[in-house]
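Worksheet: the structure to be examined is printed underneath.
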Amino acid sequence: MSAAAPEAVAGARTNLAGLLVVPATLFVAVMLLGPLAILFRYSLNKFVPGQFMVDALVVENYVKFFTDAYYLNVLARTVRVAVICTLACLVMGFPLAYVLARTQSRFKNLLVIAVVLPLFVGNAVRAAGWMTLFGSKGAFNASLMGLGLIDQPLEIMYTENAVLIGICAVNLPFMVLTLQSVIEGIPRNVEEAAFSLGANPAAMFRRVLWPLALPGTLAGTILTFILAMNAYATPVLLGGPKFQMMGPLVYGQFAQQNNWPFGGAISFILMISTLLLTMGAHLIVQRRYRSNEPAG
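And the structure:
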């Protein structure tokens, strides 16, 4: 067999793999990009009360959003909630992911199942559970009043704190599972070498574990941030009608106001804002990661 034969076989396999990707690529392009293109065209139409929409080619819906303080405050609140939830999930999820990745217990699979189990319950059902806990006569307030720690129920429901807790509970498993897979790929002897050289646990984490886990950490934070930016059920049920985020705002324009042009504009503003923020975070983290890599 000539030396070129293995290269020809490898090339044929590469071409076959490329052909197998074509159906999925076409499906994503048609089912995702097609509706987005239609929605963008709708966002350039005019809205006249009493009519579905008027064909036009204007940017007044985007101008309306960026010139109205109410909508800008909704966008700022959405970004703030998403950032806080992402940081909270990272702080809480990293230790848990490290324990799951490094444990040698025979119950490891049960621990992983315990992390995954909340994903089998819908967001609306979990939010309803938090409502029974945080209500003025819920389990939390009833317990505190029964212990004599408070005289009046705490106002937790329909506040930003309730929304933060609910979104963190929804997104935490995604962060843990992403970090666990990354930490499992880091050799344990790297940590042992750091300890043998005199590093304490904090120094080992700062100088060894964190830089090696940084790319995976970025993936987990981006996933969590995107889910938090687009949250709908949790803000509606735990935040109430007065607590607006971008997801419920989009739904209100489509389903309640029947204003499809403005709803399409808000949808694209939410999508572009999410993409820009995630791309910015990605570039910052990648630049810092490369600066920490050893030279040559």
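Heads up: the sequence shown is residues 2 to 297, going by this note's numbering. Just so it is clear, CB atoms sit at the ideal spot from N, CA and C, and this is done for glycine as well.
Just the Cα atoms here: how many angstroms apart are residue i and residue j?
i	j	result
L111	T104	12 angstroms
Q181	Y71	40 angstroms
L21	V31	17 angstroms
F244	K109	40 angstroms
V166	W211	Checking the sequence shown, residue 166 turns out to be Ile, not Val. Their backbone Cα atoms lie some 26 angstroms apart in a straight line.
T79	M230	6 angstroms
V126	Q287	38 angstroms
V122	L178	17 angstroms
M2	A25	Only weak support is given to the placement of M2: the predicted model assigns it a pLDDT of 49, under 50, and the value that follows is read from those uncertain coordinates. Answer to the nearest angstrom: the Cα atoms are 36 angstroms apart.
L250	P216	33 angstroms
P295	K65	Unreliable placement is indicated for P295, whose pLDDT of 46 sits below 50; no coordinate value is reported for it.
F28	L34	10 angstroms
M132	A143	13 angstroms
F175	I187	19 angstroms
V237	L101	33 angstroms
I285	M246	26 angstroms
G51	G248	24 angstroms
L239	F263	25 angstroms
L1	G147	What is shown of the chain runs 2 to 297, which leaves residue 1 out entirely.
N74	I85	16 angstroms
T160	F196	45 angstroms
L278	R81	12 angstroms
A220	A115	22 angstroms
V164	T235	6 angstroms
W261	F48	8 angstroms
V113	Q258	44 angstroms
A194	T218	22 angstroms
N62	L45	7 angstroms
Q254	A57	19 angstroms
G241	R189	47 angstroms
H283	S274	14 angstroms
L145	E192	43 angstroms
A232	F95	22 angstroms
L228	L155	28 angstroms
Using DSSP bridges, identify the partner residues of residue i.
i	result
K47	V55
With a 10 Å radius around its C-beta and 16 neighbouring C-beta atoms as the bar for buried, classify residue i as buried or exposed.
i	result
L158	Here the sequence assigns Met to residue 158, which means Leu is not the residue at that position. M158 is buried by the Cβ-count criterion.
E202	The question names Glu, but residue 202 is Pro in the sequence shown. The residue is exposed, with fewer than 16 neighbouring Cβ atoms inside 10 Å.
V117	exposed
V59	exposed
G130	exposed
A98	buried
F67	exposed
G19	exposed
G281	exposed
Q153	exposed
V171	buried
F53	exposed
I151	exposed
A83	buried
L37	exposed
Starting from residue i, trace the alpha helix (DSSP H) both ways and give me its first and last residue.
i	result
M230	211–230
M176	161–185
F121	Segment: none, F121 is in no alpha helix (DSSP H) and carries neither H nor E.
M247	247–252
F95	70–103
P202	202–205
E192	189–197
I114	109–117
A143	140–147
Any heavy atom of the ligand FMN closer than 7 angstroms to the CB of residue i?
i	result
A57	Within the structure as shown, the ligand FMN is missing, as the structure has no ligands at all.
Distance cutoff 8 angstroms, beta carbons only. Does residue i sit that close to anything in chain C?
i	result
E185	Chain labels in this structure do not include chain C; a single protein chain is all it has.
**Q.** the segment 204–218 touching the segment 267–283, judged by at least three CB pairs closer than 8 angstroms
**A.** The segment 204–218 makes no contact with the segment 267–283: fewer than 3 CB pairs, one atom from each, lie closer than 8 angstroms.
Q: Indicate whether the contact test is met: 3 or more Cβ pairs, each with one atom in the segment 76–92 and one in the segment 127–141, closer than 8 angstroms.
A: At 8 angstroms Cβ cutoff, the stretches do not touch.
Q. Do three or more CB pairs link the segment 268–282 to the segment 40–48 at distances below 8 angstroms?
A. With the cut-off at 8 angstroms, the segment 268–282 and the segment 40–48 touch.
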